[in-house]
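First comes the structure, then the notes that go with it.
Protein chains: 4
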Amino acid sequence: MPKYRVGIVGATGYTGSELVRLLAHHPDVTIEFVTSESQQGKNITDVHPHLLDAVDIRITSVKDILADEVDLVFLALPHGVSMNFVKEHGTDKFITIDLSGDFRFSSRGIYEEWYGTQHIAPSYMEEAVYGLPELFRDKIRSARLVANPGCYPTSAILALAPLIKHGFINPTSIIVDSKSGVTGAGAKPKPGLHFPNVFGNFSAYSLLRHRHTPEIESMLQNYTGYSTEVLFTPHLLPIDRGILTTTYSTPKKAVSKDSVQELFYSIYEKEHFVRVFDDPPSVKNIRGSNYCDIFATYDERTNKIITVSTIDNLMKGAAGQAVQNMNIIFGLIEATGLRHIPLNP
Amino acid sequence: MPKYRVGIVGATGYTGSELVRLLAHHPDVTIEFVTSESQQGKNITDVHPHLLDAVDIRITSVKDILADEVDLVFLALPHGVSMNFVKEHGTDKFITIDLSGDFRFSSRGIYEEWYGTQHIAPSYMEEAVYGLPELFRDKIRSARLVANPGCYPTSAILALAPLIKHGFINPTSIIVDSKSGVTGAGAKPKPGLHFPNVFGNFSAYSLLRHRHTPEIESMLQNYTGYSTEVLFTPHLLPIDRGILTTTYSTPKKAVSKDSVQELFYSIYEKEHFVRVFDDPPSVKNIRGSNYCDIFATYDERTNKIITVSTIDNLMKGAAGQAVQNMNIIFGLIEATGLRHIPLNP
Amino acid sequence: MPKYRVGIVGATGYTGSELVRLLAHHPDVTIEFVTSESQQGKNITDVHPHLLDAVDIRITSVKDILADEVDLVFLALPHGVSMNFVKEHGTDKFITIDLSGDFRFSSRGIYEEWYGTQHIAPSYMEEAVYGLPELFRDKIRSARLVANPGCYPTSAILALAPLIKHGFINPTSIIVDSKSGVTGAGAKPKPGLHFPNVFGNFSAYSLLRHRHTPEIESMLQNYTGYSTEVLFTPHLLPIDRGILTTTYSTPKKAVSKDSVQELFYSIYEKEHFVRVFDDPPSVKNIRGSNYCDIFATYDERTNKIITVSTIDNLMKGAAGQAVQNMNIIFGLIEATGLRHIPLNP
Amino acid sequence: MPKYRVGIVGATGYTGSELVRLLAHHPDVTIEFVTSESQQGKNITDVHPHLLDAVDIRITSVKDILADEVDLVFLALPHGVSMNFVKEHGTDKFITIDLSGDFRFSSRGIYEEWYGTQHIAPSYMEEAVYGLPELFRDKIRSARLVANPGCYPTSAILALAPLIKHGFINPTSIIVDSKSGVTGAGAKPKPGLHFPNVFGNFSAYSLLRHRHTPEIESMLQNYTGYSTEVLFTPHLLPIDRGILTTTYSTPKKAVSKDSVQELFYSIYEKEHFVRVFDDPPSVKNIRGSNYCDIFATYDERTNKIITVSTIDNLMKGAAGQAVQNMNIIFGLIEATGLRHIPLNP
């Protein structure tokens with residue numbers, strides 16, 4: 057059976073290596089190229105020795121890729137770099153799934169305000185489809201350019217969208233308190249990510265101004281039609297993988313613990329990658345997998361709805377979700393190549 | 057110079073060993089006894105080898121302590137056990153600093169509701185002084201029975217009390233999202249605290265029903281006079297020591313980032329153990345010390361006040377604060393024996 | 057295609073849950089039963105929530121298993137318990153792969169000396185085949201009872217066997233310095249494995265008397281024919297999964313760095329699960345996989361040969377190797393269901 | 057009472073900040089200056105916020121220090137940089153304690169071979185005293201230039217020196233297998249020390265060629281008079297602080313467990329910072345303290361002597377030992393300012 061041909065641009069970071077891990081064993085796909093400007097010429101297993109025996113690919117330059125080689129390209133590039141690629145290659149020759157933040161907004165205003173940089177390919181912003189399958193599956197099916205969601209937004213939106221959509225909560229006074237493992241900050245060494253500075257430590261960062269704030273708000277609004285306002289506070293967890301997000305919101309109608317839980321069970325019943333629980337979830341129960349585990353409840357005493365959701369930031373928060381989007385676009389079974397059972401303990 | 061004589065009841069847990077660590081070098085105190093029913097007869101350094109060469113004390117039974125031996129007794133006992141000791145020994149013979157939750161409420165109702173057990177020494181509940189020096193220093197000075205605060209409440213109350221007291225926030229819609237290291241759960245092995253189950257993991261627990269909820273509410277109310285309501289969510293951090301608490305509240309008057317920060321700087325200016333920062337604090341910057349580091353800010357966009365505070369749960373959250381209370385009662389300089397500089401990295 | 061039917065006895069520990077993780081997606085196998093005396097009646101996903109959606113099996117009692125239900129049984133039981141099962145069920149009705157230490161020695165003497173307990177099924181000791189495929193593949197093929205190797209021995213034997221077999225080193229003066237993650241010590245909470253006591257810690261344990269000492273010696277001797285003597289020192293690493301073993305030995309003929317490396321490359325060239333490297337390996341490069349990564353070199357200055365090898369103790373050190381043995385016995389491709397790429401980062 | 061005046065050159069790394077932590081509360085010393093070329097002009101607490109309230113010092117340039125300001129200078133500089141300072145300032149104007157490797161050898165040959173760089177101040181190499189007080193206390197007393205020992209060598213030499221000196225072991229076939237926390241590699245971010253690459257990981261590094269190899273050999277030889285040969289293998293532990301070293305050697309006379317233990321108890325009986333144990337020590341029992349905990353035993357079966365020793369690499373392995381040397385030179389009680397009880401848990 058002929059396979060789909062894909063390429064990965066930016067193969068040296070964590071997202072890139074995770075894409076290779078997933079696609080190496082994907083039954084319907086072959087990896088045609090992986091690129092890295094700094095590591096070109098090496099084998100991908102020289103850069104990521106854990107991949108040895110699973111893949112055997114020489115890293116090339118993004119300049120050497122041939123458009124007709126592939127059906128789909130994953131962009132595992134930093135924010136601000138992806139848009140150059142899209143501007144140059146367009147969306148006709150192959151499908152693009154961009155894992156950066158460059159195409160997550162439909163207009164340049166919010167992007168330029170929160171990312172602090174000019175958008176050089178704004179004409180593609182409207183065309184791009186936000187790649188959260190549980191909310192936008194139909195649009196993804198025919199997308200030529202997918203903006204793969206941010207890790208924090210994935211965990212927050214999957215927890216909040218049902219509540220807003222179904223009129224359970226007031227959409228303008230939502231607290232999102234998130235905690236993320238360090239791979240979410242990328243593979244580049246920095247003082248704040250130096251092992252002795254993270255080990256045994258914990259802190260909040262980017263208060264009031266984290267770029268995922270408008271992403272959470274915009275996508276909830278796009279999906280639900282309600283104008284949404286979120287106060288988002290990220291924290292750095294001393295672990296490698298995993299995000300856990302706790303949200304607090306106020307009901308706008310009479311609710312109960314049961315009605316809140318029931319909402320989530322019914323909404324996500326048929327989703328392969330969302331598991332609803334009666335108890336608060338744990339990061340380790342989704343490690344290495346594409347699951348999002350969710351718990352929701354209602355506190356009568358203070359009249360608040362609380363959700364707790366968790367994902368592996370490199371899987372459902374990045375590479376796993378990107379492959380899920382690819383499967384949808386190619387018309388494959390959505391879980392193909394993504395049935396990894398979480399690694400616990 | 058004659059020294060004060062103190063005893064420690066319950067020396068085998070983390071709080072007990074931390075008390076020994078602090079008092080071993082305290083210039084004005086001698087440890088007259090440490091007790092443990094399970095370890096009696098051993099030397100304290102057999103149970104806690106890290107204390108070798110610093111102390112040399114044979115563990116006795118609580119049954120063998122002589123009331124006239126000591127000026128003050130620390131109770132490092134589980135909830136529900138301390139009250140037996142207080143009932144038996146009263147508060148006349150020596151001062152008692154209880155590190156459990158048994159005497160933190162002024163009446164039995166809340167205690168029995170949240171702790172799920174009957175209080176057998178309710179007559180002492182009203183007499184007990186809540187030992188948070190920054191708020192109740194004057195009462196502590198003459199206390200015969202101190203209820204040493206819980207770890208989570210210490211971190212939350214120090215962050216919220218100024219805001220409520222000075223009319224900055226609405227006291228009935230407060231979110232407290234806390235994250236604690238594992239020593240907060242005690243030294244007793246349990247599946248949920250087994251190393252492989254915590255390592256690389258993170259989760260919320262005791263949602264809606266954690267016992268520190270009413271403690272935070274009651275003490276804020278006692279101190280500020282405002283009826284207070286708090287939604288408190290604890291999470292388990294994969295580290296040994298440290299709590300970081302993030303709070304969200306709504307202003308009830310016009311505020312700004314500056315006015316919020318200024319409030320904290322002025323309130324805590326003269327406090328030895330509260331450090332106010334312009335940036336969000338980190339757990340590791342207070343490790344092993346008695347400091348509480350606090351940051352507060354205001355988000356104009358969503359009209360919320362956010363605080364982030366951090367303590368070492370075994371120090372300012374337990375043993376350190378107990379020694380601070382002892383110093384106040386004995387009329388010593390408050391920081392005596394507590395000037396440990398945080399261990400970072 | 058009819059599948060092989062297998063059962064797992066002892067499903068609540070780490071080894072049991074890892075077997076379920078591996079077998080749930082194995083294309084040629086169905087899990088007929090999992091047993092646990094303490095958890096019977098529950099679903100396996102109540103005990104191990106990370107398995108939700110991957111399996112759906114009600115836990116039964118070992119007393120309820122029917123011999124003709126299965127082709128093969130995995131015993132994920134503690135040492136001293138497996139032998140009861142084997143004594144009762146024998147080896148005629150189904151094949152048994154025992155993950156305990158009960159059948160790793162060919163006679164009871166060494167077992168009883170090092171395990172400190174009487175062997176009640178010694179007649180099966182001789183019949184049992186030591187399940188290290190890289191050394192004993194032919195015998196495994198026709199085994200009815202496989203003694204699955206210990207985790208430390210797997211890492212040590214794969215590193216030392218080529219050197220002894222091919223006359224590179226003196227087999228009687230070997231140092232094996234091993235470091236293991238905490239899952240190697242099992243799922244049962246104990247003070248020494250309590251999170252705060254392991255976090256930030258590191259120590260040696262069971263010096264001179266660890267049970268894996270005679271296992272390493274016996275199997276090296278069985279394989280090479282040389283009488284072997286090993287000084288084995290295990291250490292407890294503050295991580296969940298992974299063993300890294302460093303060995304030191306003295307050449308008994310002229311060797312060089314190149315000749316030592318070349319030996320390993322040639323010996324393991326065709327092995328699916330042994331990867332030989334030019335640089336020292338890292339635990340994280342094999343996490344979650346069945347690989348053993350090996351490096352070997354020679355120090356001219358001190359005339360010593362050094363090897364460094366690493367495995368995931370729950371995979372190649374336990375469940376993964378057990379499934380590898382099962383594949384061999386069933387005549388399947390040896391890597392079936394075991395092609396997990398290591399989870400790094 | 058007039059205090060001694062000291063300066064710290066290189067205050068931004070881990071060793072520099074640890075020196076400040078120790079000296080801030082030292083009763084007989086005032087810190088006259090701390091220097092950093094990259095951070096000059098800032099307060100030391102801007103760079104190391106955990107020191108806030110404990111010190112208040114503006115960082116200056118090394119170019120601005122005045123020789124007559126201080127009695128003693130600590131050099132917390134990288135290898136290869138310290139020698140420039142010593143060459144420029146000499147040893148007449150003030151005492152120098154150098155924490156780099158620049159003056160640990162008595163002649164340039166070994167230094168230049170293992171450090172791969174030319175020594176530009178070789179005339180001071182012979183004058184320098186190796187600052188391991190337990191072995192060279194008398195020479196330290198009158199030293200003008202102290203070469204503070206490396207972290208690994210401190211742990212290894214304290215364990216091996218008694219055995220060689222007293223003729224217990226053959227000094228030419230010693231295995232030193234060490235494991236160190238990440239602070240030992242310094243504060244500078246690098247890929248190999250990036251949090252996600254160390255977390256959950258473990259590996260050996262610098263095999264056969266680590267610079268501490270000749271330091272261990274030379275100092276053992278200087279102290280014992282025996283020509284010594286050591287095979288040293290360092291490993292990177294996923295913790296912040298702490299080294300644990302396991303050594304293996306062969307007796308050269310009849311020994312027993314008791315005679316080996318007795319040797320260590322008698323040798324170190326009067327040492328304040330060496331604690332001898334009957335059981336293998338743990339890193340966490342010395343965290344944050346200046347202790348070296350040692351255990352030694354003999355394995356009759358394989359005829360080997362094993363030692364296990366542990367230190368905090370920033371304390372007894374660097375800053376703590378430097379302060380201990382300073383105390384000796386100033387004629388103070390050796391433990392002044394160094395009585396920190398280990399932080400456990």
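Quick note, the sequences are listed as chains A, B, C and D, same order.
The first sequence begins at 57 in the numbering used here and counts up one residue at a time.
The second sequence begins at 57 in the numbering used here and counts up one residue at a time.
The third sequence begins at 57 in the numbering used here and counts up one residue at a time.
The fourth sequence begins at 57 in the numbering used here and counts up one residue at a time.
C-beta atoms are modelled at their ideal positions from N, C-alpha and C, and glycine is treated no differently.
Using a beta-carbon distance below 8 Å, is D:Tyr70 in contact with chain B? Here residue 70 of chain D corresponds to residue number 14 of the fourth sequence, with the count starting at 1. True, the Cβ-Cβ gap to chain B drops below 8 Å.
Uninterrupted beta strand (DSSP E) stretches inside the stretch 64-108 of chain C (no shorter than 3 residues): 85-91
Within 10 angstroms of the Cβ of B:Asp148, are there 16 or more other Cβ atoms? Answer buried if so, exposed if not. Locating residue 148 of chain B in the second sequence gives position 92, counting from the first residue. It counts as exposed.
What residue does the alpha helix (DSSP H) around D:Ser315 start on, and which one ends it? Indexing the fourth sequence from 1 puts residue 315 of chain D at position 259. Counting along the chain, the alpha helix (DSSP H) containing D:Ser315 begins and ends at Lys313 to Ile323.
With 16 other Cβ atoms within 10 Å as the buried cut-off, status of C:Gln174: In the third sequence, residue 174 of chain C corresponds to position 118, counting from 1. It counts as exposed.
Start-to-end residues for the beta strand (DSSP E) that takes in B:His291: Along the second sequence, one-based indexing puts residue 291 of chain B at 235. Secondary structure note for B:His291: its beta strand (DSSP E) is the uninterrupted segment Val286 to Leu292.
Go ahead and label A:Leu219 buried or exposed: buried means 16 or more other beta carbons lie within 10 angstroms of its beta carbon, across all protein chains shown. For the purposes of this step, residue 219 of chain A is identified with residue 163 of the first sequence, where counting begins at 1. Burial check for A:Leu219: the Cβ neighbour count within 10 Å reaches 16 or more, so the residue is buried.
Determine, using beta carbons only, whether D:Ala110 comes closer than 8 Å to chain B. Here residue 110 of chain D corresponds to residue number 54 of the fourth sequence, with the count starting at 1. Chain B contact via Cβ: present.
Same chain, Cβ closer than 6 Å to D:Tyr167, neighbours up to 5 away in sequence not counted: The residue given as residue 167 of chain D occupies position 111 in the fourth sequence. For D:Tyr167, where only same-chain residues beyond five positions count, the Cβ hits under 6 Å are Phe161 and His175.
Is the separation between the beta-carbon of A:Val65 and that of A:Thr91 shorter than 8 Å? The sequence position of residue 65 of chain A within the first sequence is 9, counting from 1. The sequence position of residue 91 of chain A within the first sequence is 35, counting from 1. Yes; because the gap between Cβ atoms is below 8 Å, this pair is in contact.
I need the DSSP call for D:Tyr354, collapsed to helix, strand or coil. For the purposes of this step, residue 354 of chain D is taken as the residue at position 298 of the fourth sequence. Shown here, D:Tyr354 sits in a strand according to DSSP, grouped into three states.
Pairwise C-alpha distance: A:Glu125 and C:Ala313: Within the third sequence, residue 313 of chain C is the residue found at index 257, counting from 1. Within the first sequence, residue 125 of chain A is the residue found at index 69, counting from 1. At residue 313 of chain C the sequence reads Lys, which differs from the Ala that was named. One C-alpha to the other measures close to 43 Å.
May I ask you to list, following chain order, the residues of the stretch 253-265 of chain C that have a beta carbon less than 7 Å from some beta carbon of chain D? Answer in chain order: Asn253, Gly256, Asn257, Phe258, Ser259, Ala260, Tyr261, Leu263 and Leu264.
Please determine if the stretch 311-330 of chain C and the stretch 348-363 of chain C are in contact, where contact requires at least 3 C-beta pairs separated by less than 8 Å. yes
List, in chain order, every chain D residue whose beta-carbon is nearer than 7 Å to that of C:Val238. Start at 1 with the first residue of the third sequence, and residue 238 of chain C comes out as number 182. By Cβ distance, chain D contributes nothing, its closest Cβ being about 11 Å from C:Val238, past 7 Å.
Determine which residues of the stretch 308-320 of chain A have a Cβ less than 7 Å from any Cβ of chain D, and write them out in chain order. none
Which residue marks the beginning of the alpha helix (DSSP H) containing B:Tyr171, and which one marks its end? If you number the second sequence from 1, residue 171 of chain B lands on position 115. B:Tyr171: member of the alpha helix (DSSP H) spanning Arg164 to Tyr171, first to last residue.
Between the beta-carbon of D:Asp355 and the beta-carbon of C:Leu264, is there less than 8 Å? Position 299 of the fourth sequence, counted from the start, is the residue given in the question as residue 355 of chain D. Position 208 of the third sequence, counted from the start, is the residue given in the question as residue 264 of chain C. In this structure, C:Leu264 lies closer than 8 Å to D:Asp355 by Cβ.
Is the CB-CB distance between D:Leu75 and D:Ala378 below 8 Å? Indexing the fourth sequence from 1 puts residue 75 of chain D at position 19. Indexing the fourth sequence from 1 puts residue 378 of chain D at position 322. Taking 8 Å as the Cβ cut-off, D:Leu75 and D:Ala378 qualify as a contacting pair.
Classify A:Glu93: buried if its beta carbon has 16 or more other beta carbons within 10 angstroms, exposed otherwise. Locating residue 93 of chain A in the first sequence gives position 37, counting from the first residue. Around the Cβ of A:Glu93, a 10 Å sphere holds fewer than 16 other Cβ atoms; the residue is exposed.
From this set, D:Phe251, D:Asp335 and D:Gly242, which residue's C-alpha is nearest A:Lys244's C-alpha? What you label residue 244 of chain A is simply residue 188 of the first sequence in a count that begins at 1. Closest in C-alpha terms to A:Lys244, from the list D:Phe251, D:Asp335 and D:Gly242, comes D:Phe251.
Check whether the Cβ of D:Ile295 lies closer than 8 Å to any Cβ atom in chain A. Taking the fourth sequence and counting its residues from 1, the one referred to as residue 295 of chain D is at position 239. For D:Ile295, the answer is yes, since a Cβ of chain A falls inside 8 Å of its Cβ.
From the DSSP output, which residues share a beta bridge with A:Thr363? Within the first sequence, the letter at position 307 stands for residue 363 of chain A. Its beta-bridge partners are A:Thr303 and A:Ala352.
Residue(s) in a DSSP beta bridge with D:Phe159: Along the fourth sequence, one-based indexing puts residue 159 of chain D at 103. Here D:Phe159 is not bridged, per DSSP, to any residue.
At a Cβ threshold of 8 Å, is A:Leu249 touching chain D? Reading the first sequence from its first residue, position 193 is the one you call residue 249 of chain A. It does; some Cβ of chain D falls within 8 Å.
What is the rounded straight-line gap between the Cα of A:Asn253 and the Cα of B:Asn341? If you number the first sequence from 1, residue 253 of chain A lands on position 197. If you number the second sequence from 1, residue 341 of chain B lands on position 285. The alpha-carbon atoms of A:Asn253 and B:Asn341 are separated by roughly 10 Å.
Quick one: list the residues of chain B neighbouring A:Lys235, beta-carbon separation under 8 Å, in chain order. Position 179 of the first sequence, counted from the start, is the residue given in the question as residue 235 of chain A. Those within 8 Å of A:Lys235 in chain B are Lys235, Phe258 and His291.
Which residue wins for smallest C-alpha separation from D:Lys221, given the options D:Val316, D:Pro247, D:Gly172 and D:Phe141? Along the fourth sequence, read from residue 1 onward, the residue named residue 221 of chain D stands at position 165. Out of D:Val316, D:Pro247, D:Gly172 and D:Phe141, D:Val316 has the C-alpha closest to the C-alpha of D:Lys221.
Taking 8 Å as the threshold (C-beta atoms), are B:Ile295 and B:Gly376 in contact? By 1-based counting over the second sequence, the position of residue 376 of chain B is 320. By 1-based counting over the second sequence, the position of residue 295 of chain B is 239. Contact flag unset, no.
Is the distance from the Cβ of C:Ser259 to the Cβ of D:Leu188 below 8 Å? The count along the third sequence starts at 1 and reaches residue 259 of chain C at position 203. The count along the fourth sequence starts at 1 and reaches residue 188 of chain D at position 132. No.
Using 10 angstroms around the beta-carbon of D:Ile389, count the other beta-carbons present and answer buried if the total reaches 16, otherwise exposed. Along the fourth sequence, one-based indexing puts residue 389 of chain D at 333. Exposed is the call here.
State yes or no: is the beta carbon of A:Arg114 nearer than 8 Å to at least one beta carbon in chain C? In the first sequence, the residue the question calls residue 114 of chain A occupies position 58. So, not an interface residue.
What residues in the stretch 70-89 of chain D have a beta carbon less than 7 Å from any beta carbon of chain B? Tyr70, Arg77, Ala80 and His81
Within the stretch 227-300 of chain A, ranges of the beta strand (DSSP E) (whole runs, at least 3 residues): Taken in chain order, the whole beta strand (DSSP E) runs of length 3 or more contained in the stretch 227-300 of chain A are 230-236 and 286-292.
Would C:Val232 pass as a contact of C:Ala212 if the rule is Cβ separation under 8 Å? Position 176 of the third sequence holds residue 232 of chain C. Position 156 of the third sequence holds residue 212 of chain C. In contact: C:Val232 and C:Ala212 (Cβ atoms closer than 8 Å).
What residues in its chain sit with their C-beta under 6 Å from that of D:Tyr324, if we drop five residues either side in the sequence? Indexing the fourth sequence from 1 puts residue 324 of chain D at position 268. The answer, listed in chain order, is Val330 and Val332.
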